[in-house]
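When you read off a place in the sequence shown, starting at 1, and then add 1, the result is the number in our numbering.
The beta carbon of each residue, even a glycine, is placed where N, CA and C say it ideally should be.
A short worksheet on the structure shown next.
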Amino acid sequence: MSRHVTLIVEREGDGYVALCPEVDVASQGHSVVEARDNLKEALALFFETASEEEVERRYS
2 MSRHVTLIVE
12 REGDGYVALC
22 PEVDVASQGH
32 SVVEARDNLK
42 EALALFFETA
52 SEEEVERRYS
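The following block contains the structure:
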């Protein structure tokens, strides 16, 4: 199943924070690209390990 998610990147101090508000997963990096890539990895891990119930609870 394919899902569309939102990516929000904000500057915080010397780095950047990337957030996916649909499932409340965040990551950070020294650049926008690094923060985005780290968030992609965190999202992949979340969707691989979370139960279907957890995904549905967070995604709704």
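Which residue from the options puts its Cα closest to that of residue i?
i: G30; options: S3, P22, N39 and E23; result: N39
i: G14; options: K41, S32 and V24; result: S32
i: R12; options: T50, R4 and A36; result: A36
i: Y60; options: Y17, G16 and E23; result: E23
Does the distance from the CB of residue i to the CB of residue j come in under 8 Å?
i: V10; j: L44; result: no
Go ahead and pull the three-state DSSP assignment for residue i.
i: E55; result: helix
i: E42; result: helix
i: E49; result: helix
i: R4; result: coil
Among all the DSSP beta bridges, which residues are the ones paired with residue i?
i: G30; result: Y17
i: R12; result: Y17
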